[in-house]
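Here is the structure we will look at.
Number of protein chains: 2
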Amino acid sequence: MITKPLAMLFAATFTSLACLAQGNQPAIVEDFKPSSLNQPGQEYPQVNSQGYARFKIKAPKADSVRVSLGLGGRGGTILTKGEDGFWTGTTAGPMDEGFHYYNVTIDGGKFNDPGALNFYGSVRWESGIEIPAHDQDFYALKDVPHGNVQQILFPSKSTNTSRRAFVYTPPGYEKEKSKKYPVLYLQHGWGEDETAWSNQGHANLIMDNLIAEGKIKPFIIVMTYGMTNEVKFGKIREFKIDPFQTVMVDELIPYVDANFRTLSNRDNRAMAGLSMGGMETKMITLNKPEVFGYYGLLSGGVYAPEDFKDKTKPKLVFISCGSKERPDGVKKSADDLKAAGYNAVSYVSDKTAHEFQTWRRSLHELAPLLFKN
Amino acid sequence: MITKPLAMLFAATFTSLACLAQGNQPAIVEDFKPSSLNQPGQEYPQVNSQGYARFKIKAPKADSVRVSLGLGGRGGTILTKGEDGFWTGTTAGPMDEGFHYYNVTIDGGKFNDPGALNFYGSVRWESGIEIPAHDQDFYALKDVPHGNVQQILFPSKSTNTSRRAFVYTPPGYEKEKSKKYPVLYLQHGWGEDETAWSNQGHANLIMDNLIAEGKIKPFIIVMTYGMTNEVKFGKIREFKIDPFQTVMVDELIPYVDANFRTLSNRDNRAMAGLSMGGMETKMITLNKPEVFGYYGLLSGGVYAPEDFKDKTKPKLVFISCGSKERPDGVKKSADDLKAAGYNAVSYVSDKTAHEFQTWRRSLHELAPLLFKN
Chain A
7 MITKPLAMLF
17 AATFTSLACL
27 AQGNQPAIVE
37 DFKPSSLNQP
47 GQEYPQVNSQ
57 GYARFKIKAP
67 KADSVRVSLG
77 LGGRGGTILT
87 KGEDGFWTGT
97 TAGPMDEGFH
107 YYNVTIDGGK
117 FNDPGALNFY
127 GSVRWESGIE
137 IPAHDQDFYA
147 LKDVPHGNVQ
157 QILFPSKSTN
167 TSRRAFVYTP
177 PGYEKEKSKK
187 YPVLYLQHGW
197 GEDETAWSNQ
207 GHANLIMDNL
217 IAEGKIKPFI
227 IVMTYGMTNE
237 VKFGKIREFK
247 IDPFQTVMVD
257 ELIPYVDANF
267 RTLSNRDNRA
277 MAGLSMGGME
287 TKMITLNKPE
297 VFGYYGLLSG
307 GVYAPEDFKD
317 KTKPKLVFIS
327 CGSKERPDGV
337 KKSADDLKAA
347 GYNAVSYVSD
357 KTAHEFQTWR
367 RSLHELAPLL
377 FKN
Chain B
7 MITKPLAMLF
17 AATFTSLACL
27 AQGNQPAIVE
37 DFKPSSLNQP
47 GQEYPQVNSQ
57 GYARFKIKAP
67 KADSVRVSLG
77 LGGRGGTILT
87 KGEDGFWTGT
97 TAGPMDEGFH
107 YYNVTIDGGK
117 FNDPGALNFY
127 GSVRWESGIE
137 IPAHDQDFYA
147 LKDVPHGNVQ
157 QILFPSKSTN
167 TSRRAFVYTP
177 PGYEKEKSKK
187 YPVLYLQHGW
197 GEDETAWSNQ
207 GHANLIMDNL
217 IAEGKIKPFI
227 IVMTYGMTNE
237 VKFGKIREFK
247 IDPFQTVMVD
257 ELIPYVDANF
267 RTLSNRDNRA
277 MAGLSMGGME
287 TKMITLNKPE
297 VFGYYGLLSG
307 GVYAPEDFKD
317 KTKPKLVFIS
327 CGSKERPDGV
337 KKSADDLKAA
347 GYNAVSYVSD
357 KTAHEFQTWR
367 RSLHELAPLL
377 FKN
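The listed protein sequences derive, respectively, from chains A and B.
Quick note on my numbering: the first sequence kicks off at 7 and runs consecutively.
Quick note on my numbering: the second sequence kicks off at 7 and runs consecutively.
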């Protein structure tokens, strides 16, 4: 099912994780503050107004401490030991805006920064740091009505277990007891899990804010684990969609429709995903065009007009990526689809790579386009 | 408000964290398996059928690696380096059944075990390990109807922010659209947060299983963050309940009653907490006897008959701890209360200390006693 260019896209973009912003480096401004993703009370890591990150980690008897973040494939940031037993260091340049995963190598072993919160990525819980973005307001926690994010455990005969998903219900869901809502099924990327869109992505806050501003029709979001069959990094071409498609279409959707107040038809159901989740979205929407009316690929490949074998056109195809990925391919895909009579929209996130700032922005762009029946 | 014996109880019991089970040590049985709390795909840490824990951590250039778990105050488990660059070691004896927090000291710095999931305790995200318990069935994930655990963000004027709580709604809550439910407000301990009762405690699975067995009347559980004012370890006598009492009684309860289908009177509202959460429960229930009808202190102090100034007696007072804590005080408290005409129940968890196995069992004992109006 997976096309060669798509598989190569993943291989290419994964390596751009945590790359530095481009350009000449100005003098470092000493206005560092604790990252918003630090553990309670922790002073480090810190970030400054230019986007530099500074680390401080205690390991008095260590011989070497290195942070994976800061220099892309070129070894990260090497920390130096002070007389107090703390290792410190600052990235060689400003980081891209938004969220970055990282880890710390202490004497050859890979650990997390004790100062930072952890986020599931790369098939492990990694340290996370947030470089404040100029547009961070759209995912900020504000004094507006908040929806809930709830963990559900749904029965899955095909995998013989109870599987977990998180369900965002918009503000007012509990009070408006007879109202029914459309549903977006939203998938994480390779090595992440069903916690990613809430924890790293702030999907719930993006929705709360858009709803408070009257910019979208409230809808439900369902996020579940997409690595149903094990897929090793670099082996994504061997990925088979069938096990996950069964969980999604035959088990999760019926459970959500039975247990939440959903509008349970194609025109009120969307699927979108980031990176590998986009690949899954493409496969499942093309296999099951009767199930989903809106499709979104966020840094997760493209559709070509000839992909659509079904005579019923999707209501919307949304394709996005960061400007540091392959924006030309994304734009061309939407142009080709539009020329062929499809409702297609492309979005390119400015100055971001294959990282969550791209996907936060993509969700923010996608949400107002959904369920415009 | 806090009485001297209670403060001392906390000081005494905190030091017993992660203590070894008593008795002569038999030969180690080589049937080690990965802990159920490992990160996906991780082989270590492992536990065997006797309750020994074995660790394996990569740090090829480190000079010393020590795990905090295994010898109580006596330095934990010292790992030794193999030729492959991995440090390994086994606890000197079997651990108590259930959940334990731990961390790893690498060359003098405190980190987490890269193999284990993290759990918030001691005001940091710590590594966690699970020693299978003979009675683990009552909190196992089974093929029964599952309730949901949902994150809510409720407005708090007194702290000028949106605060987080988790709400367990029982199976069927979404479908039975007119049914109203009693509510248990359930608090974590010092250094933990609102994630503890679900993550470490499996409160949702304990409820799902009790409901499936027909042993309890379904109710809602609300869990929020109780360290509203900063309280340093060892300074618990300086704790002031007022800020948290305001959040709980004036902000959280009205929000929950407005947004969930609750039975919103005293006889359908309980408060319980573990350790510091028990201290909070005692203070708030005595200050606000008109708000709560059922009180539970889990390793969190005791009530004396003279504590109750209000003429309306609580419907139930539940007091528990582990057998390795101070069971005599717990039993005496319940006896004294019963002699004074109160409905009091004590419970002592066999062969456990000031740890989550005591509290899982305590919730399992408490739940069937609640809301028997």
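We put the CB at the ideal spot given by N, CA and C, even for glycine.
Just so you know, these numbers come straight off a predicted model, no measurement behind them.
Here the stretch 120–140 of chain B makes no contact with the stretch 153–162 of chain B; the two share fewer than three CB pairs at distances below 8 angstroms.
Around the beta carbon of THR364 of chain B, a 10 Å sphere encloses 16 or more other beta carbons of the protein chains shown; the residue is thus reported as buried. DSSP, read as helix, strand or coil, puts TRP131 of chain B in strand. As a beta-bridge residue in DSSP terms, ILE325 of chain B pairs with B:LEU303 and B:SER352. For the pair GLY178 of chain A and ALA146 of chain A, the Cα-to-Cα distance works out to about 20 angstroms. Not one beta carbon of chain B lies nearer than 7 angstroms to the beta carbon of ILE217 of chain A. By the neighbour-count criterion, in which a residue is buried when 16 or more other Cβ atoms sit within 10 angstroms of its Cβ, ASN54 of chain B is buried. Taking a contact to require three or more Cβ pairs closer than 8 angstroms, the stretch 95–107 of chain A and the stretch 96–108 of chain B do not qualify as touching. Distance from the CA atom of MET233 of chain B to the CA atom of HIS106 of chain B, rounded to whole angstroms, is 21 angstroms.
Listed in chain order, the non-local C-beta contacts of ASN118 of chain B below 8 angstroms within the same chain comprise ASN109, VAL110, ASN124, TRP131, GLU132 and SER133, local neighbours out to five positions each way being set aside. DSSP places VAL262 of chain A in the helix class (H, G or I) of the three-state scheme. Judged by beta-carbon spacing, ALA139 of chain B lies beyond the 7 angstroms limit of ASN44 of chain B, meaning their Cβ atoms are not closer than that value.
For ILE112 of chain B, there is no enclosing alpha helix (DSSP H); the residue is found in the beta strand (DSSP E) stretching over 110–112. Within chain B, no residue has its beta carbon less than 8 angstroms from that of HIS360 of chain A; the closest one is some 22 angstroms off.
Here SER41 of chain B has PRO51, VAL53, ILE135 and GLU136 as same chain residues with Cβ atoms under 6 angstroms from its own Cβ, once five neighbours each way along the sequence are excluded.
Closest in alpha carbon position to GLY82 of chain A, among A:ASP90, A:GLU89 and A:ARG72, is A:ARG72. Taking each of B:LEU372, B:GLU198 and B:PHE225 in turn and checking the Cα distance to TYR174 of chain B, the smallest one comes out for B:PHE225. A Cβ-Cβ distance of about 5 angstroms is found for the pair GLN206 of chain B and PHE362 of chain B, placing them in contact under the 8 angstroms criterion. For VAL189 of chain A, no chain B residue has a Cβ inside 7 angstroms of its Cβ, as the nearest lies near 14 angstroms away. Contact check for LYS181 of chain A and ASN265 of chain B: beta-carbon distance about 7 angstroms, within the 8 angstroms limit, so the pair qualifies. Using a Cβ distance threshold of 7 angstroms, LEU303 of chain B and GLY328 of chain B do not count as a contacting pair. Residue burial annotation: THR86 of chain A is exposed, with fewer than 16 other C-beta atoms found within 10 angstroms of its C-beta. Within the same chain, GLN52, VAL53 and ASN54 come within 8 angstroms of LYS39 of chain A by CB-CB distance, once the 5 residues on both sides are set aside. Counting only the Cα atoms, MET289 of chain A lies some 45 angstroms from PRO188 of chain B.
The stretch 366–376 of chain A and the stretch 333–346 of chain A do not touch, with fewer than three beta-carbon pairs separated by less than 8 angstroms. Within the stretch 143–162 of chain B, LEU147, ASP149, HIS152, ASN154, VAL155, GLN156, GLN157, ILE158, LEU159 and PRO161 place their CB atoms closer than 7 angstroms to a CB of chain A, listed in sequence order. Taken through DSSP and simplified to helix, strand or coil, ILE290 of chain B comes out as helix. A distance below 6 angstroms between beta-carbons, with the five flanking residues on each side excluded, links PRO151 of chain B to the following residues of its chain, in chain order: PRO177.
If you check the CB distance, SER168 of chain A and VAL253 of chain A do not come in under 7 angstroms.
Interface criterion met: the Cβ of ARG130 of chain B is under 7 angstroms from a Cβ in chain A. Secondary structure of ALA373 of chain A (DSSP, three-state): helix. For GLN48 of chain A, the secondary structure class from DSSP, reduced to helix, strand or coil, is coil. Among the residues facing chain B, ASP113 of chain A is included, as its CB has a counterpart in that chain under 7 angstroms away. Contact of GLY91 of chain B with chain A by beta-carbon distance below 7 angstroms involves GLY114. Interface criterion not met: the Cβ of ASN44 of chain A is under 7 angstroms from no Cβ in chain B. Taking a Cβ-Cβ threshold of 8 angstroms, the residues of chain B close to ILE63 of chain A are GLY115, in chain order.
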